[in-house]
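Shown next, in structure tokens, is the structure this report addresses.
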């Protein structure tokens, strides 16, 4: 199983704190957010697990820090997501979907676990693996109830808690269940996942939109 971490974004809503560092480097309880995340992953995945980081903003800062502090446990890989353009001196990117698409050459023949670099996990990810291996399903997406779903990726669930749809930051949310930053996809649906991402990538983006 490959682990994938999109970490290219600027963290515009966290400015001015992200002027000098990526949002995953902001500290919570004395540790960088990315350290909290990787500590939890070490409790779930074995040594020498492959992680692919999609870098962009502050890429040198990210790669140097991760190589220095986490290469003893994980096999680290880095792919650069090129910015779509710049606002003043700040880059902007085409979104999470395009970031995942960049990893295709590494992961298309394996299971993948995607985790977001700006979500603080309150527990390890063993439950999502357990759900995947115990249930007859193609993948698992962690969700949680939130008070302001319009700020998140919102899921629509059926009566069996199967996900019917996901909408990013909807003006009229269909539920209050938001994606909490962890996705697991089995090999049976990886080809379809990348097919959808490639189709989405070809669509033109209006100002401010992302894939």
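Residue numbers (UniProt numbering): 1 to 211.
All residues carry an ideal CB built from backbone N, CA and C; glycine is no exception.
For residue 201, the secondary structure class from DSSP, reduced to helix, strand or coil, is helix.
In the DSSP annotation of this structure, the continuous segment of the beta strand (DSSP E) that includes residue 177 starts and ends at 177 to 185. Rounded to whole angstroms, the gap between the alpha carbons of residue 19 and residue 61 is 13 Å. Here residue 174 carries a coil assignment [DSSP, helix/strand/coil]. Put simply, the backbone Cα of residue 48 is about 43 Å away from that of residue 172.
Distance check between residue 206 and each of 72, 9 and 93 places 93 closest, using alpha-carbon atoms only.
DSSP, reduced to helix, strand and coil, places residue 207 outside both helices and strands of the structure shown, so it counts as coil. In the DSSP assignment, residue 77 is bridged to 52. Around the Cβ of residue 8, a 10 Å sphere holds 16 or more other Cβ atoms; the residue is buried. With contacts defined as CB atoms closer than 8 Å, residue 200 and residue 56 fail to qualify as a contacting pair. Contact annotation, residue 168 with residue 181: C-beta distance approximately 13 Å; criterion of less than 8 Å not satisfied.
If you draw a straight line from the Cα of residue 157 to the Cα of residue 35, it comes to about 32 Å. Along the length of the stretch 55 to 121, whole alpha helix (DSSP H) runs at least 4 residues long occupy 59 to 70, 96 to 101 and 104 to 107, reported in chain order. Sixteen is the threshold: since fewer than 16 other Cβ atoms of the shown chains lie within 10 Å of the Cβ of residue 28, the residue is exposed. Rounded to the nearest angstrom, the gap between the Cα atoms of residue 132 and residue 184 is 8 Å. In the DSSP assignment, residue 126 falls within the unbroken alpha helix (DSSP H) covering 126 to 134. Per DSSP, reduced to three states, the secondary structure at residue 7 is coil, with no helix or strand assignment. In the displayed model, residue 20 falls within coil according to three-state DSSP, outside both helix and strand. Scanning 124, 204 and 2 for the CA closest to the CA of residue 77 turns up 2. Taking the Cα positions, residue 151 is about 12 Å away from residue 145. Ranked by how close their Cα comes to the Cα of residue 116, the residues 33, 12, 202 and 203 have 33 in first place. Here residue 193 has 185 as same chain residues with Cβ atoms under 7 Å from its own Cβ, once five neighbours each way along the sequence are excluded.
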